[in-house]
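To start, the structure under review is shown below, and the notes come after it.
In this note's numbering, the protein residues as written are 1163 to 1505.
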């Protein structure tokens, strides 16, 4: 049996240390770089959030109700209007639009039709094509009053765990079954109970023209995988803990770093916080303990301590640890067709 996560192909992310040393990592889930977005017109960089992603953001601007800024792999972000900026401090929260490469194996190609969709403008012209793959909490739901305040023990737990990245403790959230649908239950910043429905993730296909004719009748057939970026921001995260602001906390968790107390070494560690290989974004998306960078996948000489270890609960495990056959059988028509607001 093939699981969704087994179809993910590694992608090489390139970054540069404070002394211009090239650092390369191989990751199954990544985010776009500033260089990548520079090749895209500003307007097309604008990203909308899911309701669950909006929960992670404390942005009072009117535009933030429609669009969200997105974090980039090279310590930068794209603002609500699509313009690019460097991150000011590593613990700023930004929207996360995961990117993946999905292998075009026989089982997927033979069953791909129900997973494909498209976005059209008001004239019916195709704007881009979409692909459903994996699941994640997305749309906020108002459950019946008699159920909404009940404890989790009232509902059936499916065994799947999601993570509340809006919580600095990265609290685990049980997936709950209720009247034929699946939800997670969490709390707002004001302490109110909120419910979010777990739904198929919709990805934008970025190499539609290169796909085989069995998928795209007009494709060139040169692609070996689907090049995908989530259509909406799925969550919010900060790039890394700020070492200089939280040094005492790090020492409490990592006493072995006491010999790096010198100002020069602290500054180096702070620069290292800006590297993708050490980022919380990379750790959470891929299920990596970024405290222990390995030579075959990064450069440990430019490591930095991080309180969180995401090997147990992470994006891949939550979103894609399910059989391909089971995912294809999902009867949720979410986002298979529809209109895209191009304004």
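Beta carbons are placed, not taken as given, at the ideal position from N, Cα and C, and that holds for glycine.
What you are looking at is a predicted structure, and each value in this text was computed from that prediction instead of being measured.
Residue i (DSSP reduced to helix, strand or coil)
{"i": "residue 1252", "result": "coil"}
{"i": "residue 1461", "result": "coil"}
{"i": "residue 1348", "result": "strand"}
{"i": "residue 1186", "result": "strand"}
{"i": "residue 1430", "result": "helix"}
{"i": "residue 1168", "result": "helix"}
{"i": "residue 1285", "result": "coil"}
{"i": "residue 1276", "result": "helix"}
{"i": "residue 1204", "result": "helix"}
{"i": "residue 1247", "result": "strand"}
{"i": "residue 1195", "result": "coil"}
{"i": "residue 1436", "result": "coil"}
{"i": "residue 1478", "result": "helix"}
{"i": "residue 1388", "result": "strand"}
{"i": "residue 1314", "result": "helix"}
{"i": "residue 1302", "result": "strand"}
{"i": "residue 1343", "result": "strand"}
{"i": "residue 1210", "result": "coil"}
Buried or exposed (CB count within 10 angstroms, at least 16 for buried), residue i
{"i": "residue 1481", "result": "buried"}
{"i": "residue 1442", "result": "buried"}
{"i": "residue 1457", "result": "exposed"}
{"i": "residue 1169", "result": "buried"}
{"i": "residue 1499", "result": "With a pLDDT of 33 at residue 1499, under the threshold of 50, the modelled position of this residue cannot be trusted; read the value that follows with caution. By the neighbour-count rule (16 or more Cβ atoms within 10 Å), residue 1499 is not buried but exposed."}
{"i": "residue 1288", "result": "exposed"}
{"i": "residue 1380", "result": "exposed"}
{"i": "residue 1473", "result": "exposed"}
{"i": "residue 1314", "result": "exposed"}
{"i": "residue 1232", "result": "buried"}
Element boundaries [alpha helix (DSSP H), containing residue i]
{"i": "residue 1272", "result": "1268-1272"}
{"i": "residue 1443", "result": "1442-1448"}
{"i": "residue 1367", "result": "Segment 1355-1367 is the beta strand (DSSP E) holding residue 1367; no alpha helix (DSSP H) there."}
{"i": "residue 1490", "result": "1486-1490"}
{"i": "residue 1216", "result": "1213-1217"}
C-alpha gap between residue i and residue j, whole angstroms
{"i": "residue 1538", "j": "residue 1486", "result": "Residue 1538 lies beyond the range of the chain shown here (1163 to 1505); nothing can be said about it."}
{"i": "residue 1504", "j": "residue 1197", "result": "Below a pLDDT of 50, predicted positions are generally treated as unreliable, and residue 1504, at 33, falls in that range; the measurement from the model is reported next regardless. Roughly 24 Å separates the two Cα atoms."}
{"i": "residue 1345", "j": "residue 1265", "result": "29 Å"}
{"i": "residue 1336", "j": "residue 1319", "result": "7 Å"}
{"i": "residue 1463", "j": "residue 1184", "result": "12 Å"}
{"i": "residue 1400", "j": "residue 1235", "result": "12 Å"}
{"i": "residue 1479", "j": "residue 1270", "result": "20 Å"}
{"i": "residue 1324", "j": "residue 1225", "result": "28 Å"}
{"i": "residue 1488", "j": "residue 1163", "result": "10 Å"}
{"i": "residue 1195", "j": "residue 1438", "result": "10 Å"}
{"i": "residue 1342", "j": "residue 1295", "result": "20 Å"}
{"i": "residue 1263", "j": "residue 1384", "result": "14 Å"}
{"i": "residue 1329", "j": "residue 1179", "result": "29 Å"}
{"i": "residue 1333", "j": "residue 1181", "result": "36 Å"}
Residue i, enclosing beta strand (DSSP E) - first and last residue
{"i": "residue 1261", "result": "1261-1265"}
{"i": "residue 1233", "result": "1232-1234"}
{"i": "residue 1399", "result": "1397-1400"}
{"i": "residue 1240", "result": "1238-1240"}
{"i": "residue 1333", "result": "1333-1340"}
{"i": "residue 1329", "result": "Segment: none, residue 1329 is in no beta strand (DSSP E) and carries neither H nor E."}
{"i": "residue 1176", "result": "1173-1178"}
Cβ-heavy atom distance, residue i to the ligand NAD, below 8 Å
{"i": "residue 1470", "result": "In the structure shown, the ligand NAD is absent, as is every other ligand, since no ligand is present at all."}
Exercise for review: Spell out a yes or no on whether the region 1370-1378 and the region 1244-1259 are touching, meaning 3 or more CB-CB pairs, one atom from each, closer than 8 Å.
Suggested key: Proximity of the region 1370-1378 to the region 1244-1259 falls short of the contact definition, fewer than three beta-carbon pairs being nearer than 8 Å.
Exercise for review: Report yes or no: do the region 1289-1306 and the region 1351-1359 share at least 3 C-beta pairs separated by less than 8 Å?
Suggested key: The region 1289-1306 vs the region 1351-1359: in contact.
Review point. Quick one: any contact between the region 1251-1263 and the region 1387-1396, if contact means 3 or more CB pairs under 8 Å?
Key: Enough Cβ pairs lie closer than 8 Å, so yes.
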